[in-house]
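The next block holds one structure in the form of structure tokens; read it before the comments.
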Amino acid sequence: MEQQQQKSAAHVSKLFVCTTVDCKDDIEEKFERAFINLQLQIGGLDEKEMHDTLSQIVCKDKQHEEISIGFLYIMLTDPATAPKTYRDVTLVARDGMNGIVANLTVLVAEKYAKLTDIARRQLIWVLREFVKHQVLSVENVIWNCLRQAGGGDASHKNLFLIESLLDIFIEYRTWLEGNPFLVQSTVYSYVRIIEDHANPALMPLRQKEVKFTISLIRERFHDVIPLGRDFVRLLQNVARIPEFEQLWRDILYNPKSLHPTFTGIWQLLQIRTSRRFLQCRLLPEMERKISFLASSVKFGNQKRYQDWFQDKYFATLESHSLRSDLIRFIINVIHPTNDMLCSDIIPRWAIIGWLISSCTNPIASANAKLSLFYDWLFFDPIKDNIMNIEPGILVMYHSIRNHPFVSSTLLDFLCRITKNFCVSHEDKIRLGVNNSLKLILEKQVIPNIQPLFESPKLDRELRSLIRENFKEFVSPATSIGQPIYPLVYPSPVQFLKKDCDQRTFHGVPENVDLMGTGPNSNNETTLSLVDECNKIAPTPTDLEIESVFSDEMSENLKKINKIDENTDDDDDLPLSKVRLKEKPKVELHESIAESFEAFITKRNSYTWEAFLKDFRPLPASAFEESQLNYVISNTVAILRETLPQQNIFSESKTEEKYLAKSISYPLYGLFRFLYENDEKSKKPFQMLLSEICERIPEIGYLLLYFMKTYCKLQTRKNSQQAYQFKISIYRQICDAVDDKIGNCLVRDLDLLERENTNIFLWLLPDVYREFKSIATNNTDLLRITLRCIDAKNVRDIIYSVAQGKLTIFKQDGLIDCIRESLEFETYEQFCLWQIVQAHDVPLKSIQDLLPELEAGSHPEALSHFLLLLKHEEPTNEIIRLMLSREAKSRGDPFVTSSLRFWCQRYEEKLSEIIASLLTSKYPGSSPNKRKRPSKGNPIASTTPSADQILNHLEHYRRSCRHGTGTGLYVHDMMQRALQTAYSHSNESTKKQFSDLFALAAEDDTTAVGRRGGSGRGRKQPVSKKETLIHNSSNKKNSEISKTIFSSDENSSEIGQKLRHKRLKKGKRLIMILTDILSFINGYLLVRRKTFEIESLGFLIRNLISLIQVLT
């Protein structure tokens, strides 16, 4: 009964505002159910019993989530118990409150508008606690709260959220600055929100926002830079606020004061703003509505949805600023699929046209138009998306017939903003707009631009303004002055978004996604926004506004592509054919006039080569400056325009038809002409060639591609004649750009590799063959090659090297090439060593690099050097270089590994080489002391010191386990070398290498490993006097002997005689034992075969040393 009452009471929610007609969705049901279940579990329990009960329940994942949601419900609805509940949930939560944060994120994103006032206030309290205790992923909740702080809304509830979030950011500034994406979202949101708080009643809040935002921008400007061009657009709207005005001055005239890497306004304008920031300025509910309108409403049925949207979101004066946010979102985030583009769904341009035409605020209208054309101003066809410029042209194109006032205002705005938006960068902005129009025509977004630019419905002043700004897109009949021959676009193709971003608005994630872009830079500039509201056509009436983009437009669209009967016949012609009706008005030299006219009319290789034959012999005196400039500018433009934008190379490297087609463009006609005509050129031809090289930076690698393809085709046609590269042609190109052939080759191949890696690798053998002196051992060219190859490419290169078709390295200078390659990436270095190995490079040509390699910095090179050394015998030179390497505190594993490997095969030889090198460090004992290298000898700089040799020997000794590998030390020369080192070393050196010196016998009578008879049998009897001075070369033995045989003045004469007799017998016994052990050790050195015998020899040698110490 009690459960039924609680369930019935739950219908009156404390968390959500519900009406009688509202149905609870899954989220609301989930929160209500979790709260009821939690009450059932803990109802009537004291605190200890509650904790014990909940600790058992939360062990189950499902129960854990329900308990967490229940506690969240209590914190959001009961301010009095919220602190205690927060303490309880921290004790119960097993996941660091990830479950609570995740559910709170969903709640804010989906249901914030339905939360009660108490729940909204408690939400801020919960967020403050989360931030205070640095709960993980709380930034996701904060970001969704920022989205709910809408623009264009000055209501009390919205202002409360804006100010509350601002207080959290100010109080926990350090936490905020630790989240770069949140810093960016906060700056972008508050700069946008400040624009709406111009009401005098909101001045205290506005000043608080300005102070915080300016401080955050200045202190974290490196985080702000990725906001890009839309951040600049928002800054324009608040530029009159004094603090932002000063920020503008710094951006324009003192950019380095903001950040050392910031170079000015153009750097920001070149960065495309991430979709996430554009998305964060729309309420989630508003985003869902506009997405539904663009994806599910048929064109012609949209008016009632637009009316509802207008009443819901555009009812206040402040709400006009929302139109710019919506337009930027539609253009950059909503990208329809091909199926949607071909369907009867309302297109984006119609929605944008409605937003612009229904705006009655002049400032908001100007900002909306700027939002529409903003991407045009900085458009780069290589990296920007045509979907960002498509709505702008379609709005104007579809409105010109039935609603010319819309097209007129937009065209007037586009002309003026191009010139005045950024005065000091006008040329770059004009280039961006022209690039937009060119790509629009190339992709056939609209069939022809003349019906728009030359419509009789435009007033005369506007048509004149269009001719002034877009003269190359206007037909010559209406242009003023000398004609410039336009672009020739590829054959028409259906405009499908196959090469555009396929991401639709359905795919925008809700989670925070850190975005990054690569800024560029330029100089300071002055920014000005055109207020063109007083220069447009008369303001439309309400009736006209209501009819714009309404149901009748669906009928008008059926007629939009048909040409009116009153329209001039030229509208049916492509733009290029219309322009070619006009003949050149500049009179040229009679010898080239006809061929030049044929070339600019037909634009093919045949007419181009015919013109070159006539043009090349003409001297400078045959032209006036204007004539020559006219010829050069038009020919260069045609060569540039007739090159295909894509697939410039052959689809196949073997089929003749594809190869021939790929070099059939006019530019290749220039290469063919140069290939077949070697005579010297006159100055006009050289000027033409220089201009072509400057305007077409790809000309270098296109020439290389042409020579490869042309020679291949000609050789197939005439196998009796050999066609080869002509370096002289490439040298002409280098002379035209006034640069060295080596620099040009590297630059051209770098461009080619970025354009098409397969063609680059296809040309590589020819480049190394024809430019052998330049390409061989060229580190820059090598780096370009290594950065683009994979395992298959490495295999092919090795095949070519093995067959003798490709030679990348030569011995002379190879070491410098490898030295520079040490900075390459690991994969690149491994590929490099594979290719070096394929060239059979002898070790002696690169071994001088050994002392320079460091274990920590050059692991790739050391690994391959070790593999090379395994195939070599130790030599004096290699050992000298290896021992010259610096030995660290833990030794050099490279040297140790090499010595241990060589000891298995060349132990005696290795021992002699090292011993000789060590002995030479002590001039008093070296037989070659008069053959020392002079100071100027380069060998002296890589000769190891005695300490280096001893260090490497000591670390090698330490690497020997259980006596293995110690045979290196028992050979005669090594024994003598260690004894010499010991006798010439100071006390600190003796102490440092005491274990190493202990491996050597201490005098000639006990020398180990001697192959003669000196170490065998007993010596002749010696006199008492000789016995007393026996081993006099060893200081320690001498002192012991003197101590033993010294007499004590107080001892008796009998005692002295007894002691003398006993010591004499002991001394003889020790000498006999020492000789026997020496003989055994020598025998073992000759006969040792196994590990056990070697170990026995090691023990005997140590026993000899012990006996010597005892004597």
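Here our numbering is used: the first residue of the sequence shown is 10, the next is one more, and so on. Ideal Cβ positions, reconstructed from N, Cα and C, are used throughout, including at glycine.
- Item | Residues near VAL26 by beta carbon distance below 6 Å, same chain, minus five either side | Residue 26 sits at position 17 when you count from the first residue of the sequence shown. Spatial neighbours of VAL26 in its own chain (CB-CB distance under 6 Å, excluding positions within 5 residues in sequence) are listed in chain order as LYS123, THR125.
- Task: Between the Cα of PHE253 and those of PHE286, ASP239, LEU214, ILE203, spot the shortest distance and give me the residue it belongs to.
- Result: The residue you call residue 253 lines up with position 244 of the sequence shown. Taking each of PHE286, ASP239, LEU214, ILE203 in turn and checking the Cα distance to PHE253, the smallest one comes out for ILE203.
- Message: Please report the straight-line C-alpha distance between GLU75 and GLN143, rounded to a whole angstrom.
- Response: The count along the sequence shown starts at 1 and reaches residue 75 at position 66. The count along the sequence shown starts at 1 and reaches residue 143 at position 134. C-alpha separation (whole angstroms): 23 Å.
- Message: Using C-beta distances below 6 Å, list every residue in its chain close to LEU621, excluding the 5 sequence neighbours before and after it, in chain order.
- Response: Start at 1 with the first residue of the sequence shown, and residue 621 comes out as number 612. Within the same chain, and ignoring the five residues on either side of LEU621 in sequence, the residues whose Cβ sits closer than 6 Å to its Cβ are PHE682.
- Looking only at DSSP bridge pairs, what is PHE25 linked to? Reading the sequence shown from its first residue, position 16 is the one you call residue 25. Answer is LEU124.
- List the endpoints of the continuous alpha helix (DSSP H) containing ILE36. Within the sequence shown, the letter at position 27 stands for residue 36. Its alpha helix (DSSP H) spans residues 35–51.
- Assign THR90 to one of two classes, buried (16 or more other C-beta atoms within 10 Å of its C-beta) or exposed (fewer than that). On the sequence shown, residue 90 is found 81 positions in, with the first residue counted as 1. So THR90 counts as exposed.
- Query: Taking all protein chains shown into account, do 16 or more other C-beta atoms lie within 10 angstroms of the C-beta of ALA924, making it buried, or fewer, making it exposed?
  - Reply: Taking the sequence shown and counting its residues from 1, one reaches residue 924 at position 915. Flag for ALA924 reads buried.
- Message: Looking only at its chain, what residues have a beta carbon closer than 6 Å to the beta carbon of LEU908, apart from the 5 residues adjacent to it on each side?
- Response: For the purposes of this step, residue 908 is taken as the residue at position 899 of the sequence shown. If we look at LEU908 and ignore the five residues flanking it on each side, its Cβ neighbours are TYR965.
- Roughly how many angstroms lie between the CA atoms of ARG182 and ILE365, to the nearest whole one? Translated into the one-based positions of the sequence shown, residue 182 becomes position 173. Translated into the one-based positions of the sequence shown, residue 365 becomes position 356. ARG182 and ILE365: Cα-Cα distance of roughly 39 Å.
- Should ARG899 go down as buried or exposed, given a rule of 16 or more other Cβ atoms within 10 Å for buried? Within the sequence shown, numbered from 1, the residue matching residue 899 stands at position 890. For ARG899, the number of other beta carbons within 10 angstroms of its own is below 16, and it is reported as exposed.
- Can you list, in chain order, the residues of its chain whose CB lies under 6 Å from that of SER464, leaving out five sequence neighbours each side? The residue labelled residue 464 in the question sits at position 455 within the sequence shown. These residues qualify, in order along the chain: ILE409.
- I think LEU858 touches ARG894, with their Cβ atoms under 8 Å apart; what is that distance to the nearest whole Å? Taking the first residue of the sequence shown as 1, we reach residue 858 at position 849. Taking the first residue of the sequence shown as 1, we reach residue 894 at position 885. Rounded, the Cβ-Cβ distance is 11 Å, inconsistent with contact.
- Item | C-beta atoms of GLU779 and ILE736 nearer than 7 Å | Residue mapping note: residue 779 aligns to position 770 of the sequence shown, counting from 1. Residue mapping note: residue 736 aligns to position 727 of the sequence shown, counting from 1. The Cβ atoms of GLU779 and ILE736 lie closer than 7 Å to each other.
- Message: Can you check which of these residues, ASP353, GLU700, LEU761, is closest to ASP747 by C-alpha distance?
- Response: By one-based count along the sequence shown, residue 747 stands at place 738. Proximity to ASP747 across ASP353, GLU700, LEU761 peaks at GLU700, based on C-alpha coordinates.
- Message: By DSSP's criteria, LYS801 is part of a beta bridge. Which residues make up the other side?
- Response: Here residue 801 refers to the residue found at position 792 when the sequence shown is read from its first residue. Partner(s): none; LYS801 has no beta bridge.
- Message: Rounded to the nearest angstrom, what separates VAL7 and ILE179 at their Cα positions?
- Response: What is shown of the chain runs 10 to 1120, which leaves residue 7 out entirely.
- Task: Please name the residue or residues paired with LYS1208 in a DSSP beta bridge.
- Result: Nothing can be reported for residue 1208: it is not among the residues displayed for the chain, which extend from 10 to 1120.
- Task: Would you tell me roughly how many angstroms separate the C-alpha atoms of VAL150 and SER194, rounded to the nearest one?
- Result: Within the sequence shown, residue 150 is the residue found at index 141, counting from 1. Within the sequence shown, residue 194 is the residue found at index 185, counting from 1. Their backbone Cα atoms lie some 13 Å apart in a straight line.
- Message: Helix, strand or coil for CYS431? Go by DSSP, reduced to three states.
- Response: Looking up residue 431 in the sequence shown gives position 422. In the structure shown, CYS431 sits in a strand (DSSP, three-state: E or B).
- Under the rule that 16 or more other beta-carbon atoms within 10 Å means buried, what is CYS351, buried or exposed? For the purposes of this step, residue 351 is taken as the residue at position 342 of the sequence shown. The residue in question, CYS351, is exposed, as its Cβ has fewer than 16 Cβ neighbours within 10 Å.
- Task: Could you give the DSSP three-state label for SER954: helix, strand or coil?
- Result: In the sequence shown, the residue the question calls residue 954 occupies position 945. Note: SER954 maps to coil in three-state DSSP.
- Message: Does the contact criterion of 3 or more C-beta pairs under 8 Å hold for the segment 659–669 versus the segment 705–712?
- Response: Contact check between the segment 659–669 and the segment 705–712: fewer than three CB pairs, one atom from each, fall below 8 Å, which does not count as touching.
- Nonlocal neighbours in the same chain, by C-beta distance under 7 Å from LYS217, ignoring five residues either side: For the purposes of this step, residue 217 is taken as residue 208 along the sequence shown, with counting starting at 1. So the qualifying residues of the chain are LEU175.
- Message: Let's see if you can read the secondary structure: which residues bound the alpha helix (DSSP H) around ARG96?
- Response: In the sequence shown, residue 96 corresponds to position 87, counting from 1. From DSSP, the alpha helix (DSSP H) with ARG96 extends over 91–101.
- Look at the Cβ atom of LEU890, then the Cβ atom of GLN856, and state whether they are nearer than 7 Å. Numbered from 1 along the sequence shown, position 881 holds the residue referred to as residue 890. Numbered from 1 along the sequence shown, position 847 holds the residue referred to as residue 856. Yes. Within cutoff.
- Item | Secondary structure of ALA248, DSSP reduced to three states | On the sequence shown, position 239 is the one that residue 248 refers to. When DSSP states are grouped into helix, strand and coil, ALA248 belongs to the coil group.
- Item | Pick from SER416, ARG756, ILE844 that is closest to LEU795, judged by C-alpha positions | Walking along the sequence shown from the start, residue 795 turns up at place 786. Cα-wise, what sits closest to LEU795 is ILE844.
- For GLU1168, the first and last residue of its enclosing alpha helix (DSSP H): Nothing can be reported for residue 1168, as the shown portion of the chain is limited to 10 through 1120.
- Message: LEU772 and LEU713 - do their beta-carbons sit closer together than 7 Å?
- Response: Residue mapping note: residue 713 aligns to position 704 of the sequence shown, counting from 1. Residue mapping note: residue 772 aligns to position 763 of the sequence shown, counting from 1. Contact: yes.
- Return helix, strand or coil for LEU597, following the three-state DSSP convention. Mapped onto the sequence shown, residue 597 falls at position 588. Residue state for LEU597 is assigned as coil, using DSSP reduced to three classes.
- Whole-angstrom distance between ASP687 and LEU791, CA atom to CA atom: On the sequence shown, residue 791 is found 782 positions in, with the first residue counted as 1. On the sequence shown, residue 687 is found 678 positions in, with the first residue counted as 1. In a straight line, the C-alpha of LEU791 is about 32 Å away from that of ASP687.
- Task: Could you check the C-alpha separation between LYS814 and VAL776 for me, to the nearest Å?
- Result: Looking up residue 814 in the sequence shown gives position 805. Looking up residue 776 in the sequence shown gives position 767. Each residue's Cα considered, the two are about 11 Å apart.
- Item | Nearest-angstrom Cβ-Cβ length linking ALA43 and GLY79, presumed shorter than 8 Å | Numbered from 1 along the sequence shown, position 34 holds the residue referred to as residue 43. Numbered from 1 along the sequence shown, position 70 holds the residue referred to as residue 79. That belief holds up - the Cβ atoms of ALA43 and GLY79 are roughly 4 Å apart, short of 8 Å.
- Bounding residues of the alpha helix (DSSP H) (the contiguous stretch that carries THR616): The count along the sequence shown starts at 1 and reaches residue 616 at position 607. Looking at the DSSP string, the run of the alpha helix (DSSP H) that includes THR616 is 614–624.
- Message: Less than 7 Å between C-beta atoms, sequence neighbours within five positions excluded: which residues of the same chain meet that for ARG156?
- Response: Here residue 156 refers to the residue found at position 147 of the sequence shown. Excluding residues up to 5 positions away in sequence, CYS289, LEU292, PRO293 lie with their Cβ nearer than 7 Å to the Cβ of ARG156 in the same chain.
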